[in-house]
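Residues in the sequence shown are numbered from 1405 upward in steps of one, following the numbering used here.
Accompanying notes for the structure given below.
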Amino acid sequence: MLNGSKTQNNKEWQKNFIVDYRNAKYQGEISEYERIPSGLGILLSIDYHAVIAHWQEGVINGPCCIFYPSGSLFYGSISNSQLKGINVLQFSNLCTVWTFANGSGNHLAIMDSLPGKTITAIQVPKREIEKIISNRNKGTT
């Protein structure tokens, strides 16, 4: 038991709780009865994913930041298991920014992540974005 006795008036124990899953550990706020992530918390998986997010009943719901083992980073918002609002996906050499509304996405920008580089594309059709990424991977941009 954390921070004293569990009573209706003392809910401090819910604010910094550790849940040990088989493949991950969660530290943060939990729901009172089910003891599942509900509120701000951090999830660390055995395959080195790190998720800082607002959780609701064990599911990401709100702003989140996901660190991938490859070094990539996602920052955005998830609502009802769908991306929402402005989202950023950062790779080692490329950064994409897009918006999501009503289940569909719209790229805003693709930027080179290397120092001294400038924006590569702004609001271009999907086929052009795929071409830029393909050329970038081939080293021809």
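Where a beta carbon is used, it is the ideal one built from N, C-alpha and C, also for glycine.
Residues 1448 and 1471 of the same chain have their beta carbon placed closer than 6 Å to that of residue 1454, with the five preceding and five following residues left out of the count. Residue 1424 has 1429 as its beta-bridge partners, per DSSP.
Nearest C-alpha to residue 1474 among 1433, 1503, 1509 and 1493: 1493.
A straight-line Cα-Cα distance of about 4 Å links residue 1460 and residue 1442. Excluding its 5 nearest sequence neighbours in each direction, residue 1468 has C-beta neighbours in its own chain below 8 Å: 1455, 1456, 1457, 1458, 1478, 1479, 1480, 1481 and 1482, listed in chain order. If you compare the alpha carbons of 1435, 1421, 1488 and 1431 with that of residue 1505, the shortest gap goes to 1488.
Rounded to the nearest whole angstrom, the CA to CA distance from residue 1495 to residue 1484 is 25 Å. For the segment 1486-1513, the full-length beta strand (DSSP E) segments reaching 3 residues or more read 1486-1494 and 1498-1505 along the chain.
Residue 1439 is positioned such that its CB atom lies no closer than 9 Å to that of residue 1463. 1499 is the residue among 1476, 1535, 1499 and 1421 whose C-alpha sits nearest the C-alpha of residue 1515.
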